[in-house]
Each structure stands twice: as C-alpha cells, then as structure tokens.
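Have a look at the structure below before the remarks.
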Amino acid sequence: MTPARRLALLPLVALGAGCTEMLPTAESDDLVRGGIAVEVRLPASDFLDRVRVYGGYGRASELGGGFIAHRFGAGADPAADPGLEAATLLRFGRYPSVVTVNDTTGTSRPDSSLTFLSARIVARFDTLGSVHSGPVAIRADATTEAWDGVSATWDHAVDTLLNQVPWSQPGGGALQEMGEWVWDPEAGDSLIIELDSARVAAWSDTADLTRGVRLSTEAPGVRLQLRSALMWIETMPSLNPDTLIQVLAGTDAITFIYDPVPTAPENGMRIGGAPAWRTVLDLDIPPALDGPPALCAQLGCPLELSEDHISYAALRLTTQAERAAFAPSDTISIDLRMVMVPSVLPKSPLGPSLSGIAGVILSPEWFAPPGGHVVEVPVTGLVQDLLRGETADGDPVSTTVALLSTFEPLSIEYASFEGIGATPGGPARPGEPELRLILNYVRGR
C-alpha cells in the first residue's frame, strides 16, 4: 500500500474556514463540523483488495414455506433459458392418538380408539408474493421415494455432507398421481386438497420416509409462494361413533426444490437467495490522500486520513438487472458484518451487525432492467474503526467484511450488484463499487 493515493473522483463540497452550507448529499449539517469539508469518492482499486462470492448458507427448508413455479421468467429462447421450475414437498406428522369427546351420555372422556377416515390438506399461499394472472391449477402427487425434509433438492432426495441420494428422476422421483385442484386468488389464500381414507392410512406410518406430497403446476409463467400447509383428518371416535370430529396433523417437513440452481457470478456481487449468497470484501483503506488540488493547496498533501476526519462513509454499490426467475419482487434487507476469521472462509464466524436491526432496505424496482441504481450502505463506524486499528471499545477489527441478507435464507430471490474488474489493477468495470467519504479538516491538522 502506498503512503498516499490519488483519488479518481474528488468533487469539492465545501472549502473554507467555518463553512456552514448544507451538503447537497448529506442529511444534516452535522456532517460538517467547521473548517474544511470535502466529499471524496474512492474507486474500487483504491480501497478494495478482493471481492469473493460464497453460496450455500442455510437451506431452502429453513424458509418454512415453499414455491411452485413453471417456466417462470423464461427467456425469448425457451430452449436456452427455460425459466424457473419449482415444486413444494410436504410431509405430515404423527396423527393424534387421543382426543377428548362426549360419549353417548354426554360425558366428556378421552378416547384412544380412533378411526381415521378422509382428510383435507389446507395450503395457504402468499397472495402478494405470488406471481400469476388468475386461477392456477395445482397438481398434487404422492412421493414414492424416501426423501429428507431438510436437505432435498431438485436432483437429490437426500443431500447432506456424508450422504447424497439422487432421485430416480430429477424433481421428486417417481410419483403417484393424486389429482389436480384450482387455487383462485380472488376466493382467498387457501387451497383445499381432498384425501381419501386409503391415502390417510398410507401416511399414518411415520417411519415411512417415502410418504409425502409434491405440489406443482403446469401453468407457464407462474410462481406461487406457499406460506403453510396443514392436514385436517376426519375421525370417528369409538365412544360416540355417530359423531365425526376433525383432528389436526401438523407439518413434519415443508421444503421446495427448484431448477436451475444459480451458479456464482464471475465478476458480480450477490446477496440473498435460498440457500443464501454472501459477498465478502477485503478492504484496504488508504491512510493518506493526495488530492484534490484545492484541498492540497489549503492543507498540503499527502494528507493524513484518520478516524477523526470521517464525518460519513458509505459503500456505493450499483445494481444489476437479475434474470426474472430470481429477481426481487419484494423489498430486500441487507446487512454488513465483519468476518472475524477470514482464513476459515466460507465458514468464518461473523461479528455483530453494522447496519442496525432493519439493515439497508432495497427496493425491488432497483433490480429491474436495465439496473444501474446506486445503493449506499453506510459504513462510517467501520471506516473509523479500520483507521483507528480497533473499535471504540478497544476490540480488534477485521479488514474483511461480508454483505449478506439480514435474515438467511429469506427468499429464493437475491440482489445482484456490479463487481470489480476480473484482473486486479486492470481496467475498471462500469458501476464498480465506490467508497464515499465526507471529511472534515481544520488548518494545521
């Protein structure tokens, strides 16, 4: 690192002792504490050593819901870009063994001799998070191959570190057709799927890992978000056979499988998704400045850059238009955290949030074609700590930080940003990250 770096872009914001003008890009006059105030923007080559993108954080099953899609976001050439295919897998838990009923005399008593009859699955969709043009036909098929409710993917029924079991055919293996039902968003958020007594009996064996149902659609251009699913069983108690009661079987597993699975971007940055992506930045903040000329004329250069000079700092990122299949359709919240042990990435523990509880809120419109929207991630405290060499409390700091979703995983959707040039020190890419600084100096320091 050279002792001073010439900045690629250094627009002078305010120059002169006792300046009190409000900065046009600042929220308040507090950023200008008197003396000489300047805004500088460091190009990526002046503060970034490396950018890395890691995937695989969390699993789709951790969302607690599912997705159903067919040819969603397909390109102009379906053969080259067929769009997103997604199906939800459900498995229901142990049936209740005892219920309290009124016997033929009207006395309330526990009954453990139950006859399970028919049932219905109540699937609830997110009407705002789903993309459709009207009623959608939903197909239900029973699974026939053992699958893991935590790790199942489009290609694998079981996909753990020590055990990979592929489906006999991608997307859920061999299936038994159950039927087709229509969800009409205008009628409500729920879809009712009827089950006969044979299916109810077949699913009563909790040791049978083949049991379950796959929900899918053949309606092109559709992507539905499933919030929850429950199974209500019609039951005949032995103490009062003339009465039918409804008992609940909770959801033992709910996940979704999808294709294609995104690959890591070559030069871009990515945050979010399920499993989630993180972007890791290796920072190298310069200790001195060599410009702009107006600042050098006033205070001389090279000019020390310390934590006391930082009024505001922000990482400026430029959005990329993502393929429609994974483009954000709702707001996304991102966070910034220190990577505490970079040598063990991608599994390094992270420090506390540097973006607050809510994180930095991103609008889905910013990722629509053609992209190019500039997002600021405030990093004032981080830059001050890096220049100080420790936190304000005296704790160690890391020059490696991670950009990630505030909650991981949060959605199948992810946010994409422009990265840096493929060759370190090579030509800059349009929209490369910048570090925006608002600095304050007084004469003599």
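Numbering (the numbering used here), first residue to last: 1050 to 1494. Using N, Cα and C, we set each Cβ at its ideal position, and we do this for glycine too.
Beta bridge counterpart(s) of residue i as assigned by DSSP
{"i": "residue 1169", "result": "1243, 1281"}
{"i": "residue 1158", "result": "1150"}
{"i": "residue 1134", "result": "1308"}
{"i": "residue 1085", "result": "1490"}
{"i": "residue 1219", "result": "DSSP lists no partner for residue 1219."}
{"i": "residue 1425", "result": "1365"}
{"i": "residue 1140", "result": "1302"}
{"i": "residue 1232", "result": "1185"}
{"i": "residue 1295", "result": "1283"}
{"i": "residue 1115", "result": "1275"}
{"i": "residue 1388", "result": "1399"}
{"i": "residue 1318", "result": "1466"}
{"i": "residue 1485", "result": "1090, 1363"}
Member of the options whose CA lies at the smallest distance from the CA of residue i
{"i": "residue 1263", "options": "1279, 1220, 1122", "result": "1220"}
{"i": "residue 1450", "options": "1271, 1091, 1099", "result": "1099"}
{"i": "residue 1366", "options": "1239, 1232, 1302, 1328", "result": "1328"}
{"i": "residue 1212", "options": "1222, 1183, 1200", "result": "1200"}
{"i": "residue 1120", "options": "1112, 1110, 1129, 1114", "result": "1129"}
{"i": "residue 1447", "options": "1392, 1111, 1341", "result": "1392"}
{"i": "residue 1301", "options": "1177, 1097, 1114, 1106", "result": "1114"}
{"i": "residue 1145", "options": "1254, 1370, 1291, 1454", "result": "1254"}
{"i": "residue 1485", "options": "1105, 1359, 1158", "result": "1359"}
{"i": "residue 1223", "options": "1191, 1209, 1439, 1249", "result": "1191"}
{"i": "residue 1307", "options": "1350, 1277, 1202", "result": "1202"}
{"i": "residue 1184", "options": "1272, 1248, 1157", "result": "1272"}
{"i": "residue 1240", "options": "1251, 1101, 1210, 1277", "result": "1277"}
{"i": "residue 1497", "options": "1182, 1110, 1478, 1152", "result": "Since the displayed the chain opens at 1050 and closes at 1494, residue 1497 lies outside it and no answer follows."}
Alpha-carbon spacing of residue i relative to residue j, whole angstroms
{"i": "residue 1331", "j": "residue 1084", "result": "32 Å"}
{"i": "residue 1108", "j": "residue 1394", "result": "18 Å"}
{"i": "residue 1228", "j": "residue 1234", "result": "20 Å"}
{"i": "residue 1289", "j": "residue 1148", "result": "12 Å"}
{"i": "residue 1095", "j": "residue 1432", "result": "14 Å"}
{"i": "residue 1010", "j": "residue 1270", "result": "Nothing about residue 1010 can be read from this structure; the chain reaches only from 1050 to 1494."}
{"i": "residue 1501", "j": "residue 1409", "result": "The requested residue 1501 does not occur in the structure, where the chain is confined to residues 1050 to 1494."}
{"i": "residue 1196", "j": "residue 1260", "result": "9 Å"}
{"i": "residue 1387", "j": "residue 1163", "result": "56 Å"}
{"i": "residue 1103", "j": "residue 1294", "result": "51 Å"}
{"i": "residue 1073", "j": "residue 1469", "result": "For residue 1073, the predicted model reports a pLDDT of 36, less than 50, meaning its position is unreliable; a value from the coordinates is still stated below. Between residue 1073 and residue 1469, the C-alpha separation is close to 28 Å."}
{"i": "residue 1347", "j": "residue 1488", "result": "14 Å"}
{"i": "residue 1089", "j": "residue 1215", "result": "54 Å"}
{"i": "residue 1315", "j": "residue 1465", "result": "12 Å"}
{"i": "residue 1399", "j": "residue 1456", "result": "14 Å"}
{"i": "residue 1356", "j": "residue 1437", "result": "6 Å"}
{"i": "residue 1086", "j": "residue 1341", "result": "12 Å"}
{"i": "residue 1280", "j": "residue 1296", "result": "8 Å"}
{"i": "residue 1444", "j": "residue 1334", "result": "19 Å"}
{"i": "residue 1076", "j": "residue 1441", "result": "Below a pLDDT of 50, predicted positions are generally treated as unreliable, and residue 1076, at 44, falls in that range; the measurement from the model is reported next regardless. Between residue 1076 and residue 1441, the C-alpha separation is close to 24 Å."}
{"i": "residue 1118", "j": "residue 1150", "result": "42 Å"}
{"i": "residue 1282", "j": "residue 1112", "result": "26 Å"}
{"i": "residue 1208", "j": "residue 1425", "result": "38 Å"}
{"i": "residue 1267", "j": "residue 1186", "result": "8 Å"}
For residue j and residue i, believed in contact at Cβ under 8 Å, the rounded distance
{"i": "residue 1380", "j": "residue 1421", "result": "Between residue 1421 and residue 1380 the Cβ distance is about 19 Å, and since that is not below 8 Å, they are no contact."}
{"i": "residue 1427", "j": "residue 1363", "result": "5 Å"}
{"i": "residue 1352", "j": "residue 1344", "result": "7 Å"}
{"i": "residue 1462", "j": "residue 1322", "result": "7 Å"}
{"i": "residue 1482", "j": "residue 1097", "result": "6 Å"}
{"i": "residue 1173", "j": "residue 1265", "result": "With 8 Å as the limit, residue 1173 and residue 1265 do not qualify as a contact, their Cβ atoms being about 17 Å apart."}
{"i": "residue 1133", "j": "residue 1142", "result": "About 29 Å separates the two Cβ atoms, so there is no contact after all."}
{"i": "residue 1305", "j": "residue 1116", "result": "5 Å"}
{"i": "residue 1361", "j": "residue 1429", "result": "5 Å"}
{"i": "residue 1397", "j": "residue 1384", "result": "That pair is no contact at about 15 Å."}
{"i": "residue 1477", "j": "residue 1093", "result": "7 Å"}
Cβ-based burial, residue i [other Cβ within 10 Å; buried from 16]
{"i": "residue 1217", "result": "exposed"}
{"i": "residue 1160", "result": "buried"}
{"i": "residue 1245", "result": "exposed"}
{"i": "residue 1225", "result": "exposed"}
{"i": "residue 1127", "result": "exposed"}
{"i": "residue 1125", "result": "exposed"}
{"i": "residue 1179", "result": "buried"}
{"i": "residue 1411", "result": "buried"}
{"i": "residue 1319", "result": "buried"}
{"i": "residue 1154", "result": "exposed"}
{"i": "residue 1373", "result": "buried"}
{"i": "residue 1291", "result": "exposed"}
{"i": "residue 1237", "result": "exposed"}
{"i": "residue 1286", "result": "buried"}
{"i": "residue 1377", "result": "buried"}
{"i": "residue 1371", "result": "buried"}
{"i": "residue 1257", "result": "exposed"}
{"i": "residue 1480", "result": "buried"}
{"i": "residue 1243", "result": "exposed"}
Neighbour flag for residue i against chain D, beta carbons, 9 Å
{"i": "residue 1125", "result": "Checking the listed chains, one finds no chain D in this structure; it contains a single protein chain."}
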